[in-house]
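Peer 1: Before we start, here is the structure in question, set down as structure tokens.
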Amino acid sequence: MSARRHLIALPLLTAILLVSDVGRWTAVAAGQIQASSAESGVRDLLRRYSMALESLDAAAVKKVQPSLPAESLSKAFKDMRELKVSIEDVRVLSIDASMARVSCRVTQTLTPRAGSKQTTTVTRVMRLRRDADMWLIDGFER
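Here my numbering is used: the sequence shown runs in plain steps of one and ends on residue 143.
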């Protein structure tokens, strides 16, 4: 190969490598954006779950956790004056486009209609599933 051909081929080869690297970085960035979007949706679900429980409205809770027996929850809510729920230390254990596992610390302060206020704190692992464009609670592992 002549020196002139090397001079032409080298910039062409460099341009191909740069395009290839840009394509790879673009794919990584898109994956990170999807994961970030999914994590944002999961955090939104936990916020909606907390608000639904605090509303003492079984139908609202059932919207974020469809498998929940709403009738028994309704009965339990009738005995409550107030329920405060705090969800902290959220860690996404695994996540993809349709499923996620999340660990979090849930603190509930229950004020019954009769009796004294009770506070419990537990660490839960929640199984979540994506339904259309919204995350829902599928169940609990512990």
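C-beta atoms are modelled at their ideal positions from N, C-alpha and C, and glycine is treated no differently.
Could you pull the start and end residues of the beta strand (DSSP E) that Ser87 belongs to?
Peer 2: Its beta strand (DSSP E) spans residues Met81 to Ile96.
Peer 1: What does the alpha-carbon distance come out to for the pair Leu47 and Asp80?
Peer 2: Near 24 Å, if we compare the C-alpha coordinates of Asp80 and Leu47.
Peer 1: Please check the pair Val91 and Cys105, which I expect to be a contact at CB under 8 Å, by giving their CB distance rounded to whole angstroms.
Peer 2: Their Cβ separation, rounded to whole angstroms, is 5 Å, which keeps Val91 and Cys105 in contact under 8 Å.
Peer 1: Apply the 10 Å Cβ neighbour rule to Ala59 and answer buried if 16 or more other Cβ atoms are within range, or exposed otherwise.
Peer 2: With 16 or more other Cβ atoms within 10 Å, it is buried.
Peer 1: With a threshold of 8 Å on Cβ separation, who are the neighbours of Leu129 within its own chain once the five nearest residues in sequence on each side are excluded?
Peer 2: Hits under 8 Å: Val43, Leu46, Met100, Ala101, Arg102, Val103, Trp136, Leu137, Ile138 and Asp139.
Peer 1: Could you give the first and the last residue of the continuous beta strand (DSSP E) run that contains Ala101?
Peer 2: It spans Met100 to Pro113 - the beta strand (DSSP E) in which Ala101 sits, taken as one unbroken run.
Peer 1: Give me the Cα-Cα distance between Val65 and Ile88, rounded to the nearest whole angstrom.
Peer 2: Answer to the nearest angstrom: the Cα atoms are 15 Å apart.
Peer 1: Measuring alpha carbon to alpha carbon, tell me which residue in Thr121, Thr120, Asp132 and Leu94 is nearest Glu142.
Peer 2: Residue Leu94 is the option with its Cα nearest to Glu142.
Peer 1: Starting from the Cα of Ser117, find the closest Cα among Ser75, Ala133 and Leu84 and give me that residue.
Peer 2: That would be Leu84, whose Cα lies nearest to the Cα of Ser117.
Peer 1: Buried or exposed, going by whether 16 or more other CB atoms sit within 10 Å of the CB of Arg131?
Peer 2: Arg131 comes out buried.
Peer 1: Closer than 6 Å by C-beta to Ala77: which residues in its own chain qualify, once you throw out the five before and the five after it? Chain order, please.
Peer 2: There are no such residues.
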